[in-house]
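Structure, as structure tokens:
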Amino acid sequence: AQSVTQLDSQVPVFEEAPVELRCNYSSSVSVYLFWYVQYPNQGLQLLLKYLSGSTLVESINGFEAEFNKSQTSFHLRKPSVHISDTAEYFCAVSTSQGGSEKLVFGKGTKLTVNP
Amino acid sequence: NAGVTQTPKFRVLKTGQSMTLLCAQDMNHEYMYWYRQDPGMGLRLIHYSVGEGTTAKGEVPDGYNVSRLKKQNFLLGLESAAPSQTSVYFCASSHRGLEAFFGQGTRLTVV
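As given, the protein sequences belong to chains L and Z, one line each in that order.
Reading the first sequence from the start, the letters are residues 1 to 115 in our numbering.
Reading the second sequence from the start, the letters are residues 116 to 226 in our numbering.
Here it is in structure tokens:
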């Protein structure tokens, strides 16, 4: 069975500092990997995804994540954060097998960007 | 585009009452999911469906039932609500387990 571990429940940083949100997964088969962001009182929005190909994927607002198969990780990074990046971030995994794919989420990491 | 629409947005139930949450998507997605979100627990999968007429259990299915009679709709039912079911419920849909699109959530309180 697949599972997702987000190693940090809360990450406080100062504005313009770099940040890394860690995500590890376990699965016996090939996976699709995702990062979602949730702003207060809203639903989840896709931030970026890894389906195949290049192991480094980027979002339009400066986040990037790298798929590392040997370490079963998909850490999210941003070199310089803004106040507006304050939100909760969820890592998710879905298997690539046909039939009964499930999208399973980690417990989330609350990123707080302080001035 | 409407995307994924959940009805209702808020609801207060008394213990033992029943209710149905409706999820509708207009993207012709095969897969639909119901999650609950609780503080510190992330999103936990309740039930999901990989196509019209099919449903499957997720991580926390007890106390809930679902139906997918039409491809665009996925209903979540609580037959006898309990305070432990107080939560925010999210519906999502996707094309074959790929990028999921979420509704805005239903905040349910059981007193």
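Just so you know, even glycine gets a beta-carbon here, dropped at the ideal spot from N, CA and C.
Note that the coordinates shown come from a computational prediction; the quantities given were computed from them, not determined experimentally.
Item checked: Under 7 Å from the C-beta of Ala215 of chain Z: neighbouring residues of chain L -> Those within 7 Å of Ala215 of chain Z in chain L are Leu103.
Notebook entry, point to check: My guess is that Gln2 of chain L and Ser26 of chain L are in contact by the Cβ rule of under 8 Å, so how many angstroms apart are they, rounded?
Noted result: Right, their Cβ atoms sit about 6 Å apart.
Check: Using CA coordinates, which residue listed in Z:Val119, Z:Trp149, Z:Gly168 and Z:Phe216 is at the minimum distance from Gly192 of chain Z?
Finding: Sorting Z:Val119, Z:Trp149, Z:Gly168 and Z:Phe216 by C-alpha distance to the C-alpha of Gly192 of chain Z places Z:Trp149 at the top.
Notebook entry, point to check: What are the partner residues of Leu48 of chain L, as DSSP defines its beta bridges?
Noted result: Its beta-bridge partners are L:Trp35.
Margin query: Any beta carbon from chain L within less than 8 Å of Arg151 of chain Z's own beta carbon?
Written below: Output row for Arg151 of chain Z: interface = no.
Margin query: Considering only their Cβ atoms, is the gap separating Tyr36 of chain L from Leu51 of chain L smaller than 8 Å?
Written below: It is not a contact, given that the beta carbons lie outside the stated cut-off.
Check: At which residues does the beta strand (DSSP E) containing Met134 of chain Z begin and terminate?
Finding: That run of the beta strand (DSSP E) goes Met134 to Gln140.
Checklist line | Limits of the unbroken beta strand (DSSP E) element including Pro12 of chain L | finding: Per DSSP, the unbroken beta strand (DSSP E) holding Pro12 of chain L starts and ends at Gln10 to Phe14.
Checklist line | 8 Å Cβ cutoff, Phe205 of chain Z in contact with chain L | finding: At a cut-off of 8 Å between C-beta atoms, Phe205 of chain Z counts as an interface residue with respect to chain L.
Notebook entry, point to check: Residues bridged to Ser3 of chain L by DSSP?
Noted result: Answer by DSSP bridge pairing, in chain order: L:Ser26.
Note to self: In this structure, how does DSSP classify Ser182 of chain Z when only helix, strand and coil are distinguished?
What the structure shows: Strand at Ser182 of chain Z.
Margin query: Looking at the secondary structure, which residues open and close the beta strand (DSSP E) in which Gly108 of chain L lies?
Written below: From DSSP, Gly108 of chain L is part of no beta strand (DSSP E); its letter is neither H nor E.
Margin query: Between Ser9 of chain L and chain Z, is any beta-carbon pair separated by less than 8 Å?
Written below: Yes, its Cβ sits closer than 8 Å to a Cβ of chain Z.
Check: Going straight from the alpha carbon of Ser54 of chain L to that of Ser70 of chain L, what length do you get?
Finding: Cα to Cα, Ser54 of chain L sits roughly 15 Å from Ser70 of chain L.
Next item on the list: Find out if the Cβ-Cβ distance for the pair Glu20 of chain L, Val81 of chain L is shorter than 8 Å.
Entry: Against a cut-off of 8 Å, the Cβ pair of Val81 of chain L and Glu20 of chain L comes out as no contact.
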